[in-house]
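Protein chains in written order, with my numbering: chain A, 1133 to 1244; chain B, 6 to 118.
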């Protein structure tokens, strides 16, 4: 069956370090992948989109990579801050079908 | 910025009640979606609509229906609420295509007792 997997365990890091979150998928031929941030009790907020023909995308302190051979995306937050603490979701759009499929999310906690 | 507004942040209903969840977006988006979010299960698509009066089933439509009479409004209806429908319900909209970035509302936490 089709699956998207994110680290289920919370990621705890020290302020100033780089946080790296992983999104793995199986049985997809994705057109693109998106990352969202979700704060407790709120809806997800779109952060970045990376297409299948792009290896890397950056936005300020955020960097996303997309490896279609490994079927994996990595999401990096450099110089992390306590305000970056949230749950981060990845989502894939398949080439056929069109719907976005979400991962379960990884909770990030940045300690001062 | 796009604003997606869900009518209630918290709702408590009784088993068997008919429940209406309302969602309004203010940016003339064609597509609207209803998801539910449960711990350990992530976001699951219930229904979506790509035009007025059009609707498509998502991955878990059983026990739900939807209505889209106007472009800006998408309603989720629980015909006869059950305890397993206790969840966070999230409405979203997008401008073009089915997979473009989604703009989410703040969610409605529904408890069915």
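By construction, the Cβ of each residue, glycine as well, lies at the ideal position given by its N, Cα and C atoms.
Note to self: Taking its Cβ as the centre, do 16 or more other Cβ atoms sit within 10 Å of residue 1151(A), making it buried, or is it exposed?
What the structure shows: By the 16-neighbour rule on beta-carbons within 10 angstroms, residue 1151(A) is buried.
Check: Taking Cβ positions only, does residue 85(B) come closer than 9 Å to chain A?
Finding: no
Margin query: For the pair the region 39-46 of chain B and the region 84-101 of chain B, tell me if three or more CB-CB distances fall below 8 Å.
Written below: yes
Check: For residue 1241(A) versus residue 1205(A), is the C-beta spacing smaller than 9 Å?
Finding: no
Notebook entry, point to check: On the three-pair Cβ rule with 8 Å, is the region 1178-1196 of chain A touching the region 6-18 of chain B?
Noted result: no
Check: CA-CA distance, residue 15(B) and residue 1201(A)?
Finding: Cα to Cα, the separation comes out at about 43 Å.
Check: Below 8 Å, can you find three or more Cβ-Cβ pairs linking the region 1144-1160 of chain A to the region 1206-1214 of chain A?
Finding: Yes: at least three Cβ pairs fall under 8 Å.
Next item on the list: Mind checking which residues open and close the beta strand (DSSP E) that includes residue 1243(A)?
Entry: 1238-1243
Margin query: Quick check on residue 106(B): buried or exposed, where buried means 16 or more other Cβ atoms within 10 Å of its Cβ?
Written below: Residue environment: residue 106(B) is assigned as buried (16 or more neighbouring CB atoms within 10 Å of its CB, all protein chains considered).
Next item on the list: Give the interface partners of residue 106(B) over in chain A, defined as CB-CB distance under 7 Å, in chain order.
Entry: 1166, 1178, 1181
Next item on the list: Could you confirm whether any beta carbon from chain A is found closer than 9 Å to the beta carbon of residue 13(B)?
Entry: no
Notebook entry, point to check: Name the chain A residues that come within less than 9 Å of residue 109(B), Cβ to Cβ?
Noted result: Those within 9 Å of residue 109(B) in chain A are 1168, 1170, 1174, 1175, 1176, 1177, 1178.
Checklist line | Min CB distance residue 46(B) to chain A below 9 Å | finding: yes
Checklist line | Opening and closing residue of the beta strand (DSSP E) in which residue 1157(A) lies | finding: Note, residue 1157(A): beta strand (DSSP E), 1151-1158.
Next item on the list: Report whether the distance from the Cβ of residue 1236(A) to the nearest heavy atom of the ligand ADP is below 8 Å.
Entry: Absent from the structure shown: the ligand ADP. Ligands present: none.
Check: Quick one: does residue 30(B) have its CB under 9 Å from some CB of chain A?
Finding: no
Note to self: Please state the DSSP three-state secondary structure of residue 1139(A).
What the structure shows: Coil at residue 1139(A), not helix or strand.
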